[in-house]
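A.B. asks:
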Amino acid sequence: MQIFEVIRWGNGSDDLYTGGPNGPDTCFLVRASSIEQAAELVDRQLAAMPSELVDPWAGAIYQIGTDSSASSDAIILRGPYIQHAFRHGWRHWYRQEPLGSWVESNET
Numbered sequence: 468m469q470i471f472e473v474i475r476w477g478n479g480s481d482d483l484y485t486g487g488p489n490g491p492d493t494c495f496l497v498r499a500s501s502i503e504q505a506a507e508l509v510d511r512q513l514a515a516m517p518s519e520l521v522d523p524w525a526g527a528i529y530q531i532g533t534d535s536s537a538s539s540d541a542i543i544l545r546g547p548y549i550q551h552a553f554r555h556g557w558r559h560w561y562r563q564e565p566l567g568s569w570v571e572s573n574e575t
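Listed below in structure tokens is the structure:
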């Protein structure tokens, strides 16, 4: 299993300075076997958090580590938490639409 940070750009707050699509991001720490599985878990959670200000689906995934536990259950370990998403050099994937393909970026 892998550990991913799954990100929705922005947050659902209507605060003029810290909310909406340009505010800190909505993040989830997820244990899953693939990026698709991680995104599916988070997209279900985001669909239950409706907002007119931001998309109800994840737009980025960062692979941040490996889980060495014996469990093979995919699960959201933490989240949602609101912070600016920083990549820190990890492998990363992006998509432009909710059912779009995940594309790995080679940017460093």
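Following this note's numbering, the numbering of the sequence shown begins with 468 at its first residue and continues without gaps.
No residue lacks a Cβ here, since even glycine has one placed at the ideal position from N, Cα and C.
1. Just the Cα atoms here: how many angstroms apart are residue 506 and residue 484?
2. Could you tell me whether the Cβ atoms of residue 583 and residue 543 are closer together than 8 Å?
3. Which of helix, strand or coil does DSSP assign to residue 527?
4. Hey, out of 560, 535, 523, 533, whose CA is closest to residue 547's CA?
5. Thinking just about the alpha-carbon of each residue, which of 476, 472, 469, 468 is nearest to the one in residue 564?
6. Taking a contact to mean a Cβ-Cβ separation below 8 Å, would you say residue 495 touches residue 521 in this structure?
7. Just reading off the beta strand (DSSP E) that residue 499 is part of, what are its end residues?
8. Quick check: the Cα distance between residue 468 and residue 538, rounded to an integer number of angstroms?
C.D. replies: Taking the coordinates as given:
1. Approximately 28 Å, taken between the alpha carbons.
2. As shown, the chain starts at 468 and ends at 575. That puts residue 583 outside it, with no answer to give.
3. DSSP, read as helix, strand or coil, puts residue 527 in strand.
4. The alpha carbon of residue 547 has as its nearest neighbour, out of 560, 535, 523, 533, the alpha carbon of 523.
5. 476
6. no
7. 492-499
8. 8 Å
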